[in-house]
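Read left to right, the sequence shown gives residues -3 to 159 (this note's numbering).
C-beta: ideal position from N, C-alpha, C; glycine also.
Since the structure comes first, as structure tokens, the remarks are kept for the end.
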Amino acid sequence: MFDYGDIISVQYPSFTHYGIYTGDNQVIHNSKKLGRVWETTFDEFSDNHRVILSPIKPDDPRLAVERAKRYLGQPYRLFSNNCEHFVRTVSGLVKESPQIQKYSTLALGGSAFLMADNPMVKGAGAGAAIGALLSSSEKSPIGSSLLGALAGGFLGLVARSAR
-3 MFDYGDIISV
7 QYPSFTHYGI
17 YTGDNQVIHN
27 SKKLGRVWET
37 TFDEFSDNHR
47 VILSPIKPDD
57 PRLAVERAKR
67 YLGQPYRLFS
77 NNCEHFVRTV
87 SGLVKESPQI
97 QKYSTLALGG
107 SAFLMADNPM
117 VKGAGAGAAI
127 GALLSSSEKS
137 PIGSSLLGAL
147 AGGFLGLVAR
157 SAR
């Protein structure tokens, strides 16, 4: 099973859901379904999906569980306080959601690619979107998206110059 204070996750088709294992078959997580942070059974958390140990590691597992208990009842907010923000915060990490960053970058990059007339902007948009797609789901996609945008913009410049 899992150890006290482990960050665990369930993979769904389009997102990963996170929680912190608090022992005795219990998990604290920020649930979109209930709209708040709550403690539930492991089985309710898993929702009949495979649960895995997340690479997100708390600085101190006991302290992470103490922090998590202080968040019980806090509201769920997709862009500022989702399950990923929650586990990162209680783990002593930067409060961020790489999944939200990834989908936002995909939307912006894809829009730039589809709507721009300028080949540099089209290339940068495509590169940013590809960089986001290739990034790890547990790490911020910003760096890989910026590299992709630079590479795509450069290729767009080369294509424009070749005309």
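Of the listed residues the options, nearest to residue i (C-alpha basis)
i: Val47; options: Lys53, Phe38, Asp55 and Pro54; result: Phe38
i: Tyr14; options: Leu59, Asp20 and Val86; result: Val86
i: Lys53; options: Gln70, Val33 and Gly88; result: Gly88
i: Glu134; options: Ala64, Ile3, Phe109 and Trp34; result: Ile3
i: Ser140; options: Gly123, Leu153 and Phe150; result: Gly123
i: Pro51; options: Ser5, Ile138 and Ala108; result: Ser5
i: Pro94; options: Phe(-2), Pro137, Gly152 and Gln22; result: Pro137
i: Ile16; options: Gly149, Phe41, Gln7 and Leu130; result: Phe41
i: Arg63; options: Leu110, Leu143 and Gly1; result: Gly1
i: Asp(-1); options: Ala60, Arg159 and Trp34; result: Ala60
Backbone secondary structure at residue i - three-state DSSP
i: Gly121; result: helix
i: Ile24; result: strand
i: His81; result: helix
i: Gly19; result: strand
Residue i versus residue j: straight-line alpha-carbon distance, rounded
i: Pro71; j: Phe82; result: 11 angstroms
i: Pro115; j: Gly106; result: 14 angstroms
i: Leu49; j: Ser157; result: 49 angstroms
i: Tyr99; j: Asn77; result: 16 angstroms
i: Glu56; j: Ala112; result: According to the sequence as given, residue 56 is Asp; it is not Glu. For Asp56 and Ala112, the distance between alpha carbons rounds to 48 angstroms.
i: Tyr67; j: Val117; result: 43 angstroms
i: Gly119; j: Leu30; result: 41 angstroms
i: Gly19; j: Leu130; result: 34 angstroms
i: Asn44; j: Tyr8; result: 11 angstroms
i: Gly148; j: Phe11; result: 27 angstroms
i: Lys65; j: Ile24; result: 8 angstroms
For residue i: DSSP bridge partner residues
i: Leu49; result: Ile4
i: Gly69; result: DSSP lists no partner for Gly69.
i: Glu35; result: Ile24
i: Thr101; result: According to DSSP, which records beta bridges pairwise, Thr101 is partnered with nothing at all.
Residue i beta carbon near the ligand ZN (any heavy atom closer than 7 angstroms)
i: Val47; result: No copy of the ligand ZN occurs in the structure displayed, which carries no ligand at all.
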